[in-house]
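Each remark here refers to the structure printed beneath this line.
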Ligand code: C2E
Ligand code: CA
Ligand code: CA
Ligand code: CA
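Residue numbers (UniProt numbering): 404 to 682.
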């Protein structure tokens, strides 16, 4: 509007922008170490196919907003990824996971390997490896207790820095998983170049599996390829018995999905896991 005075030209936009800013600010506060502002650690088991034995679990963030109630990651992770806020969120999950596992261990409980999502942005952070190792050790754990899931979009422009960080993480003992494989612009070449242990097949490929025969042929080939390259393969988003059976038939031996377990609060998970270990 001129002369140091401006007005939003659209009330709708200014409203959404204010909303976003507010959410972002609240999220930032919630990641403070002692804050109790609704961030919660959920875990979803990973299981053998087709038997369904628990092999591990993935840490998934939930935000129980003081006024709005449960907000799904789809609503705030993309927002957080636009700034360094995602680093704070990921570190919150990482630290909370380590402390939770420590608590279980002190209680004499067994626990499987837990995997944690790391946003691509982390791979640009020079202190990433040190921070991860120090956090793990401060809880009396070793890096091998954890797996780090990184989506393939992180490798679109495979910078030296990214590769160095991955090598260092793996050297430190973390298991590394490629997340959402097949969802975007998958490049097969980085399968050979990256130091990975696990490849997670995106649930879009799993969803197509029973719909059409060509999708099944494709996935069978992919699973064989990954297997021959020495990766463990995890299928995401397994929702039906038919999918689980077909996945097993094409050689995929680990899965994750609503058919077996939904993500659950960490305390529920440990109960489920203990019952499962005893049974
Ligand atoms: P993701 O890493 O691919 O995680 C798996 C998502 O699939 C989770 O969604 C999970 O609840 C959902 N899921 C599991 N089984 C099924 C199934 O059978 N069917 C369907 N339709 N969905 C299933 P969620 O928890 O809503 O998380 C969505 C995404 O948000 C995650 O996708 C991940 O990219 C991101 N995210 C969640 N927590 C974190 C975190 O701590 N850090 C980062 N960087 N990203 C996170
Ligand atoms: Ca993941
Ligand atoms: Ca995924
Ligand atoms: Ca994802």
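Where is the CB? At the ideal position from N, CA and C, for every residue including glycine. Quantities reported herein were computed from a predicted structural model and do not represent experimental measurements.
- Task: Taking only runs that begin and end inside the region 555-598, name each unbroken alpha helix (DSSP H) of 4 or more residues, in chain order.
- Result: 563-575, 592-596
- Item | Option in 436, 642, 553, 539 with minimal Cα separation from residue 455 | Taking the first residue of the chain shown as 1, we reach residue 455 at position 52. The shortest C-alpha separation from residue 455 is found at 642.
- Query: In angstroms, rounded to a whole number, what distance separates the CA positions of residue 545 and residue 539?
  - Reply: Indexing the chain shown from 1 puts residue 545 at position 142. Indexing the chain shown from 1 puts residue 539 at position 136. Whole-angstrom Cα-Cα distance: 6 Å.
- Test item: CB-CB of residue 625 and residue 654 under 7 Å: Numbered from its first residue, the chain shown carries residue 625 at position 222. Numbered from its first residue, the chain shown carries residue 654 at position 251. Going by C-beta atoms, residue 625 is not nearer than 7 Å to residue 654.
- Is residue 600 near ligand 2, going by C-beta to nearest heavy atom under 6 Å? For the purposes of this step, residue 600 is taken as the residue at position 197 of the chain shown. Residue 600: no, Cβ never under 6 Å from ligand 2.
- Range of the contiguous beta strand (DSSP E) that encloses residue 636: Translated into positions along the chain shown, residue 636 becomes position 233. Residues 635-638.
- Task: Using beta-carbon positions only, say whether residue 476 and residue 464 come within less than 7 Å of one another.
- Result: On the chain shown, position 73 is the one that residue 476 refers to. On the chain shown, position 61 is the one that residue 464 refers to. It is a contact, given that the beta carbons lie within the stated cut-off.
- Taking C-beta to C-beta, are residue 628 and residue 619 nearer than 7 Å? The residue labelled residue 628 in the question sits at position 225 within the chain shown. The residue labelled residue 619 in the question sits at position 216 within the chain shown. Their beta carbons are not under 7 Å apart, which means residue 628 does not touch residue 619 by this criterion.
- Item | Top-ranked residue by Cα proximity to residue 675, from 505, 450, 601 | Start at 1 with the first residue of the chain shown, and residue 675 comes out as number 272. Answer by Cα proximity: 450.
- Item | Span separating the alpha-carbon of residue 498 from that of residue 623 | Taking the chain shown and counting its residues from 1, the one referred to as residue 498 is at position 95. Taking the chain shown and counting its residues from 1, the one referred to as residue 623 is at position 220. Taking the straight line from one Cα to the other gives about 37 Å.
- Would you check whether ligand 3 has a heavy atom nearer than 6 Å to the C-beta of residue 563? Translated into positions along the chain shown, residue 563 becomes position 160. Not so, every heavy atom of ligand 3 lies at least 6 Å from the Cβ.
- Any idea what DSSP makes of residue 514, helix, strand or coil? If you number the chain shown from 1, residue 514 lands on position 111. It is coil, neither helix nor strand.
- Message: Using C-beta distances below 7 Å, list every residue in its chain close to residue 488, excluding the 5 sequence neighbours before and after it, in chain order.
- Response: Residue mapping note: residue 488 aligns to position 85 of the chain shown, counting from 1. Result list for residue 488: 427, 430, 431, in chain order.
- Compare the C-alpha of residue 524 against each of 510, 549, 492, 542 and name the closest. On the chain shown, residue 524 is found 121 positions in, with the first residue counted as 1. The option with the nearest alpha carbon to residue 524 is 492.
- Check whether the Cβ of residue 639 lies closer than 6 Å to any heavy atom of ligand 3, and answer yes or no. The sequence position of residue 639 within the chain shown is 236, counting from 1. Yes; taking the cut-off as 6 Å, the Cβ of residue 639 has a heavy atom of ligand 3 nearer than that.
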